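Report on one structure; see the data block that follows.
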Amino acid sequence: YLHNEVVRVCPRKFGITRVLRYKVTMMPTMELKSSMHGSSFAHLCHFDSGACTGPSNSLRDYQRYGYAVGCDKPSTHTAAYKDATWYSLPGSCPRMTFSAKSRNPTCHFTDPGGECKPGEAWSKTCTWRKEYAGEVSLQELTGVPPDRSWCKQGNFEWQASCDCGHGTSFWNGKRNMALGSQRVEKLRGLFARKYPTMPADFGEARCPFGDRNR
10 YLHNEVVRVC
20 PRKFGITRVL
30 RYKVTMMPTM
40 ELKSSMHGSS
50 FAHLCHFDSG
60 ACTGPSNSLR
70 DYQRYGYAVG
80 CDKPSTHTAA
90 YKDATWYSLP
100 GSCPRMTFSA
110 KSRNPTCHFT
120 DPGGECKPGE
130 AWSKTCTWRK
140 EYAGEVSLQE
150 LTGVPPDRSW
160 CKQGNFEWQA
170 SCDCGHGTSF
180 WNGKRNMALG
190 SQRVEKLRGL
200 FARKYPTMPA
210 DFGEARCPFG
220 DRNR
């Protein structure tokens, strides 16, 4: 997402300045596992501004199987990052955008989503929990400052026309797997240095959906 959406404009899209890391624990419902032949994941639901925008059966599936975590493995044609996986974590009011949710507070009770409340037992409306696990700023990662003056000097982080940046080479080679791996390893190293007592990861359940070559 960073490479494909955020850094292709200067300043960065949505003013994004950091990478947040979370420890996520999930529990698929029995209804989901029975329907998906034992899979722990539903199909990915694409969220835009807080609303599930597709595929069209996602909202129906939430009612049938619970608000399950979804996943998908994107093609390396878009951006070459080994083992990259998208996840969807349905929160409350998944039919509505953020602004619509704020105008309809009752939806949080009628369409509660899957994020568990503290101490809540696993159920169709409690399928995932998150814990903050640190953050790394994009300036730490790339060396590019977040202020607009860098852009006004004619610099940019990445453009599709040249597959390169000007004033930085960090994002050069969007479809180059080796360069993508270097970027990921730098991010991992920064997390390890900032949070030495935290595990690097806990492993991931296999995502059965998406690019079969991943």
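First residue of the sequence shown? That's 10 in my numbering, and the numbers climb one at a time after it.
Note that beta-carbon positions come from the ideal geometry of N, C-alpha and C, so glycine has one too.
On a predicted model such as this, the values are computed, not experimentally measured, just so you know.
- At a cut-off of 3 residues, the continuous stretches assigned as beta strand (DSSP E) that sit fully inside the region 69 to 156 are 79 to 81, 95 to 97, 137 to 146.
- The three-state reading of DSSP puts E14 in helix, counting H, G and I together.
- Per DSSP, the continuous alpha helix (DSSP H) segment holding M39 begins and ends at 39 to 44.
- L199 and T177 have their alpha carbons spaced roughly 19 Å apart.
- Counting only the Cα atoms, F179 lies some 37 Å from S48.
- Cβ neighbours of F107 within its own chain (closer than 6 Å, five residues either side excluded): S58, G59.
- Straight-line measurement puts the Cα of L29 at about 10 Å from the Cα of L147.
- Annotated three-state conformation of M186 is helix, per DSSP.
- With respect to the 8 Å criterion, E40 and G79 are not classified as neighbours on the basis of their beta carbons.
- Between the region 16 to 30 and the region 152 to 170 there are three or more C-beta pairs closer than 8 Å, enough to call the two in contact.
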